[in-house]
Amino acid sequence: MDIDLSLEKLAPYVTDARKAKIDASLGQRIGSVHVAVEAPSDPHNAAAIVRTCEALGGLHVHVIKAEGKALHAKRTTQGSYRWILPHHHADFETFEQSLPQNTMIAGAVMNEGLPLDQLPLDQPICLLFGNEHRGISDEAKNRCDTFFHIPMHGMCESLNLSVAAAMSLQLILTRKRKLLKKSGDLNQKELKSLRLAYYLNSVSERLANELLDN
Numbered sequence: 021m022d023i024d025l026s027l028e029k030l031a032p033y034v035t036d037a038r039k040a041k042i043d044a045s046l047g048q049r050i051g052s053v054h055v056a057v058e059a060p061s062d063p064h065n066a067a068a069i070v071r072t073c074e075a076l077g078g079l080h081v082h083v084i085k086a087e088g089k090a091l092h093a094k095r096t097t098q099g100s101y102r103w104i105l106p107h108h109h110a111d112f113e114t115f116e117q118s119l120p121q122n123t124m125i126a127g128a129v130m131n132e133g134l135p136l137d138q139l140p141l142d143q144p145i146c147l148l149f150g151n152e153h154r155g156i157s158d159e160a161k162n163r164c165d166t167f168f169h170i171p172m173h174g175m176c177e178s179l180n181l182s183v184a185a186a187m188s189l190q191l192i193l194t195r196k197r198k199l200l201k202k203s204g205d206l207n208q209k210e211l212k213s214l215r216l217a218y219y220l221n222s223v224s225e226r227l228a229n230e231l232l233d234n
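Going by this note's numbering, the letters in the sequence shown line up with residues 21 to 234, in that order.
Structural data, given as structure tokens:
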């Protein structure tokens, strides 16, 4: 598919206001911070992470060894998965292969590893969260390059999976933008590819098929 030609065909059917919103969103996307969940028991937790990631300007959400379409729970994501890049993996090997080169996998654990605000961000990073009840497995731990925890100062000993992921993403994405000294980090190829996906999401499937099949 010729992306430039496809964008040219679709552009007249996307309103100027929509284009402006798309451009603003793309300009603030961070592709070097990934989030992953291992075998979530409740698909709504994974779906809530999708919605949070999209709202905060993240892009890549991975689910490893999930049952069903954990990232697509409509009532929870409110369609957010259409604006990010969801990834489903049957095993850790394919998960690792999908990550950018030199990505640091940081596993979320209880009261071990680095405090969240001390994770190094000088390379791509993937925040890996475990199952709601069991945490990350031994297999997952063996794949991690480092570990982190969210410092807690109250009486509670743990956080809901989606809450922990939301807190982590908010802080890490904020820190990453400060480090970059800009709002987003996508290259021109990534921006163009995502712009096409966003345009396609902004018109009816029937119209898109008619325009792009000719």
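Here a beta-carbon is modelled for each residue, glycine too, at the ideal position from N, C-alpha and C.
All values reported here derive from a predicted model rather than from experimental measurement.
What residue range is occupied by the uninterrupted beta strand (DSSP E) comprising residue i?
i: Pro106; result: Leu105 to His109
Give the secondary structure of residue i by DSSP, where H, G and I count as helix, E and B as strand, and everything else as coil.
i: Thr96; result: In this predicted model, Thr96 has a pLDDT of only 44, less than 50, meaning its place in the structure is not dependable enough to derive any value.
i: Gly77; result: coil
i: His64; result: helix
i: Gly150; result: coil
i: Ala86; result: coil
i: Glu58; result: strand
i: Asp22; result: coil
i: Val223; result: coil
i: Ser213; result: helix
i: Pro32; result: helix
i: Ile69; result: helix
i: Leu206; result: coil
Name the two residues that bound the continuous alpha helix (DSSP H) containing residue i.
i: Glu113; result: Phe112 to Ser118
i: Asp36; result: Asp36 to Gly47
i: Ala186; result: Leu181 to Leu200
Could you tell me which residues DSSP pairs with residue i in its beta bridges?
i: His169; result: Pro135
i: Gly127; result: Leu148 and Phe167
i: Val53; result: Ile145
i: Gly174; result: Answer by DSSP bridge pairing: none, since Gly174 is not bridged.
i: Gly155; result: Asn151
Taking buried to mean at least 16 other C-beta atoms within 10 Å of its own C-beta, is residue i buried or exposed?
i: Arg71; result: buried
i: Asn122; result: exposed
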